[in-house]
Amino acid sequence: MKDAPLYLRPRVDPPLASLLGDVPFLHSLVDVLGSPLNVLLPEVVAENAERFRSVYRRHHLVGRVYFAHKANRSSALVRRLAACDPAGVGIDVASLEELRHALSCGFTGDRVMATGPKDREFLWLAARVGATVNLDSVGELELLAQLVRTYGLGRVDVLARLSGFESDTGHGGAGTRVLSRRSRFGTPLAEADELWAALERHQDAVALTGLAYHLDTTGLEEKARALERCVLAMDECRARGLAPRVVDIGGGFGVGYVAEAGEWERWTTALSEAVLGARPSLTWRGHGYGLRNEGGTVRGAAALYPAHRPVAGPGYLDQLLSRTAPVLGRPPATLLLEHLNDLYVEPGRALVDQCGLSLARVLDVRPMDGDPTRHLVRLGMNAGDVSLEEHGVLVDPVLLPRGDSRDAAPDDGPVGVHLVGNLCLEADLITRRLVFLPRLPRAGDLLAFVNTAGYVSDFHAHHAQRQPVARTVAVTEEGGARHWCLDEDYWPLTHPQGVPS
Ligand SMILES: *Cc1c(COP(=O)(O)O)cnc(C)c1O
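Taking the numbering used here, the leading residue of the sequence shown gets 1129, the next gets one more, and so forth.
Shown next as structure tokens:
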């Protein structure tokens, strides 16, 4: 008997849906540029930035939205963001090459924030162009100050990144101490005194403009606590004569990948049942995504991105700013306003939500040995090209058949398939999940993986076996006509009449 289809259909907003509906266009792109292929919509990244900005306005807050560049390597997206309001949109770079790329795409140094691990060259160029340096440690501060003095660089604006937040959530002193997650980055709050002293010592070379944190979690509670703790630490700094004015709350606003909550609940429930052996496996060789059967009970934690999210992105920021903070009992937005602090955010994934898709050609389809109800679908793509597994993102690709009208085969209908890649590796599965498609694909069809611009499309791309790395194209619309160009050829300019880019 065939498995009943357990779909995880993607959330697709209008601009991406319209692109996805233009099946002949997408086929023609892959015919020319090969499989795999990434397709980006640069206009959407600007719309997303505007959505974050509107949350600022709603709360009467000022400060910038910094795109965390590491989420995507594209030039088109960075150039489109460079064309946004300079007062509202900046970029967060985490390496020397990202910094060079941002500058070459039109960002001036004063709109750049340097984060992540930093070597001397990265620090020098950041300081040279007037970027803000988001300091990870006292050691990094000392290295920067030394470079500034040795090479006669101007005084550098710095943020101090903090970590190891803990707080007393109870009242009257007998509360539970909640420890936030450990991070390799940032100075633990417990060592803040040493940091403030170093900042005072190096005031000739650096100016502390604010405090920062980045918590890789979806937990609103934990983030609200860290935000409140930063506001309080800002007051401590001011009492010592430092003059910070910005709280930078990092990224991690999230993206909802699966459209329907019900599908996500059904699938995750079914995974537990399958792990217990109560239903046929939903994965390659019974993989449990971190869950295991211990004597009839499911144990472990699923290492999965919460693919259906009722609130994500700008909406998540709105909730974070609106909820009552635990210690001071007021919403973070009010705290920021009362303490005269600006707000910075560094969204990566959320800023490129709905900005792109990744296409793969179906190369070969055959029934699985031992289970003719399931099929193996081999794609012109590998697990590095859409690193869904790496990020625990589970969502179905969309089938884009070749040709306008297909003759439906008699047994056409939903079918479970395993998507395998183009490498000679047993582990080269696009996803370990059994994917249900509305019908069996054929060689020549395309599968479109939707909403891949955040980390999924190029973070892990590699040249193993000399297979081609996906090319990336930017698609724009003007006067009802769709244009495309290679990512590197995109500039945020309108096209001269009638001349495609
Ligand atoms: C990765 C990262 C971000 C972006 O995180 P998202 O989850 O993509 O929003 C922001 N700030 C820092 C410091 C990061 O390392």
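Heads up, the beta-carbon is just placed ideally off N, CA and C, and yes, glycines get one too.
Bridge partner(s) assigned by DSSP for residue i
i, result
"C1613", "A1602"
"Y1194", "G1218"
"M1241", "D1220 and T1260"
"R1139", "According to DSSP, R1139 bridges with nothing at all."
"N1421", "V1426"
"H1546", "L1504"
"F1577", "S1486"
"R1561", "T1411"
"V1374", "G1338 and D1470"
Whole-Å CB distance - residue i paired with residue j, under 8 Å assumed
i, j, result
"L1522", "D1573", "Not a contact, Cβ separation roughly 21 Å."
"L1263", "L1485", "Not a contact, Cβ separation roughly 37 Å."
"Y1417", "G1378", "With 8 Å as the limit, Y1417 and G1378 do not qualify as a contact, their Cβ atoms being about 27 Å apart."
"L1209", "V1167", "Between V1167 and L1209 the Cβ distance is about 18 Å, and since that is not below 8 Å, they are no contact."
"L1154", "V1526", "With a Cβ gap of about 10 Å, L1154 and V1526 do not count as contacting."
"A1352", "R1289", "Contact flag wrong, Cβ pair sits at about 18 Å."
Residue i in three-state terms, based on DSSP
i, result
"T1278", "helix"
"F1293", "coil"
"D1150", "coil"
"R1368", "coil"
"T1315", "strand"
"D1213", "coil"
"D1363", "helix"
"T1396", "helix"
"L1205", "helix"
"L1165", "strand"
"A1320", "helix"
"G1338", "strand"
"A1288", "strand"
"V1597", "coil"
"V1386", "strand"
"N1087", "Because the chain here runs from 1129 to 1629, residue 1087 falls outside it and cannot be looked at."
"G1379", "coil"
"S1232", "helix"
"W1619", "coil"
"F1587", "coil"
"G1267", "helix"
"C1552", "coil"
"Y1433", "coil"
"L1343", "coil"
"A1354", "helix"
"H1330", "coil"
"D1159", "helix"
"V1403", "helix"
"A1132", "coil"
Cβ-Cβ distance between residue i and residue j below 8 Å
i, j, result
"L1136", "W1392", "yes"
"I1219", "Y1194", "yes"
"G1170", "A1199", "For the record, residue 1170 in the displayed sequence is Pro; it is not Gly. No; because the gap between Cβ atoms is not below 8 Å, this pair is not in contact."
"R1599", "G1162", "yes"
"R1228", "P1620", "no"
"G1090", "A1440", "Look at the range of the chain in this structure, 1129 to 1629, and you will see that residue 1090 is not part of it."
"L1134", "W1324", "no"
"T1260", "V1286", "yes"
"V1375", "L1471", "yes"
"R1139", "A1361", "no"
"L1269", "F1250", "no"
"R1502", "L1562", "yes"
"C1212", "A1177", "yes"
"V1505", "S1585", "no"
"V1240", "V1217", "no"
"N1550", "G1508", "yes"
"T1346", "G1382", "yes"
"Q1595", "C1552", "no"
"P1460", "L1449", "yes"
"R1283", "G1338", "no"
"P1542", "F1577", "no"
"V1473", "F1235", "no"
"L1432", "G1520", "yes"
"A1333", "V1276", "yes"
ask   = Which whole runs of the alpha helix (DSSP H) in the segment 1444-1529 are 4 residues long or more, in chain order?
value = Taking 4 residues as the minimum length, the alpha helix (DSSP H) runs contained wholly in the segment 1444-1529 are 1460-1466, in order along the chain.
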